[in-house]
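The block underneath contains the structure these notes are about, expressed in structure tokens.
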Amino acid sequence: MNLKQLEYFRMIAELEHFTKASEKLLISQSSLSHSIKELEAELGVELFMRQGRNVKLTKYGQMFLPFVEQALDTLGEGCQRLRDYVDPNTGTLNIAVPPSLSAFISYMTVFYISETGRTNVNFQISQVSTYDEISRQVLQGEIDLAFSTNIDSPLINRALVGHHEMVLLVSKNHRLANQSSVDLKEIDGERFIHYTTASQIRRVLDAEFERLDIHPKMVSETLQDHVIYGLVAANQGIAIVPRPLGAMPYNVKALPIENAGPDPRKIYLLWNRQSYLPPAAVRFRDFVVQHGRVFDEYLLSMNGQ
143 MNLKQLEYFR MIAELEHFTK ASEKLLISQS SLSHSIKELE AELGVELFMR QGRNVKLTKY
203 GQMFLPFVEQ ALDTLGEGCQ RLRDYVDPNT GTLNIAVPPS LSAFISYMTV FYISETGRTN
263 VNFQISQVST YDEISRQVLQ GEIDLAFSTN IDSPLINRAL VGHHEMVLLV SKNHRLANQS
323 SVDLKEIDGE RFIHYTTASQ IRRVLDAEFE RLDIHPKMVS ETLQDHVIYG LVAANQGIAI
383 VPRPLGAMPY NVKALPIENA GPDPRKIYLL WNRQSYLPPA AVRFRDFVVQ HGRVFDEYLL
443 SMNGQ
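Heads up, the sequence shown is in this note's numbering, so the first residue is 143 and it goes up one at a time.
Have a look at this one:
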């Protein structure tokens, strides 16, 4: 049994005529008859009976037809969805970002659509809390693209899009809030809100604290940037985070780190060189690569507001 036989069967059932069906299917009547006989032989029943020049379904054909129609309709829907998915103007692309870049990816989708006119592209954006999970999804081909820090793997292609400054967040009621910048040595012994050990930032900061021989007092840890913002705003402690994008969180001040501190995080567009990229993802990737340091441009536009 094959797909063509099922399509032939449905067409004959609809037209009730072999000759008309063969003309519509653009095959010879002998080929059509032979194909149906093979199908009947495999099923062990007769599907049609003659009534003059026409044919009618037997009771076995009537029993079989709804299942054939359902199977062909489902397959047709699947083919159409696949075509829609890979169409560069209406397709779907899956992008992963850490929470700290959520405002940037919103900007990028609007920028891309406004510049290209591809209003029917479906963006599926996943906020992924940890660098390790983003790395896993990219390496296993579960997502098309990611904006993140670098993934050091020969399987990964990358394009640098900018740098994300690390800042010290303090409550506006904190003793450091009247300063324009801060030396990390000033936070020794301070109540500190940290990322969990699952976070790449946690590993970078712990190494920096060890290098400077400073020991902030950790009072809370989380993976979520917005939880950190809330705890800092409530004056529960201070924190080092990628500079918040967009409006500064309520009752919070971001201080640049002077003299010593973690380097700005390099932000890349990443994709797996061995994974299939649908055309919509290829178009978006090429757009980003062509425009270069889009994250730095985004920061400049935000600062200019």
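We put the CB at the ideal spot given by N, CA and C, even for glycine.
As DSSP reads the structure, M360 sits in a beta bridge with F334.
The region 315 to 326 makes contact with the region 384 to 403; the number of CB pairs closer than 8 Å reaches 3 or more. Scanning its chain for C-beta atoms nearer than 8 Å, with the 5 sequence neighbours on each side dropped, one finds around F429 the residues Y254, E257, T258, in chain order. About 15 Å separates the Cβ atoms of I237 and I293, ruling out a contact at the 8 Å cut-off.
If the five residues before and after S271 are omitted, its C-beta is found closer than 6 Å to the C-beta atoms of L365, all from its own chain and listed in chain order. Taking the CA atoms as reference points, T339 sits about 30 Å from L235. Taking C-beta separations shorter than 8 Å and ignoring five residues to either side along the sequence, the partners of R435 in its chain run L302, V303, G304, following chain order.
Going by DSSP, R300 is part of the beta strand (DSSP E) stretching over 298 to 306. Per DSSP, reduced to three states, the secondary structure at L387 is coil, with no helix or strand assignment. Within a 10 Å sphere around the beta-carbon of K198 sit fewer than 16 other beta-carbons, which makes this residue exposed. Under the DSSP assignment, Q321 falls outside any beta strand (DSSP E); it carries neither an H nor an E label.
Taking V394 as reference, the option from L214, G194, H368, F426 with the minimal CA-CA separation is H368. Between the beta-carbon of T291 and that of R425 there is about 24 Å, and that puts the pair past the 8 Å contact cut.
Just measuring C-alpha positions, the residue of H433, D330, V346, V210 sitting nearest Y273 is V346. Rounded to the nearest whole angstrom, the C-alpha separation of I370 and H316 is 15 Å.
Counted as a single uninterrupted DSSP element, the stretch harbouring N196 is not any alpha helix (DSSP H) but the beta strand (DSSP E) occupying residues 196 to 199. Pairwise C-beta distances place the region 212 to 226 out of contact with the region 380 to 392, as fewer than three of them are shorter than 8 Å. Between the alpha carbons of G203 and Q147 lies a gap of roughly 13 Å. Inside the region 211 to 247, DSSP marks whole beta strand (DSSP E) runs of 3 or more residues at positions 234 to 239, from first to last along the chain.
Assigned with DSSP and collapsed to three states, L168 falls in coil, not helix or strand.
Under the Cβ criterion (8 Å, minimum of three pairs), the region 189 to 198 counts as touching the region 147 to 167. The Cβ atoms of F246 and F289 lie closer than 8 Å to each other.
For E184 against M153, the beta-carbon gap comes to about 18 Å, at or over 8 Å, which does not count as contact. Approximately 7 Å separates the beta-carbon atoms of F151 and I178; this is inside 8 Å, confirming the contact.
Within the model, the alpha-carbon separation for H433 versus Q342 is close to 28 Å.
The C-alpha of D229 lies about 11 Å from the C-alpha of R260. In the three-state reduction of the DSSP assignment, P208 falls in the helix class, which pools H, G and I.
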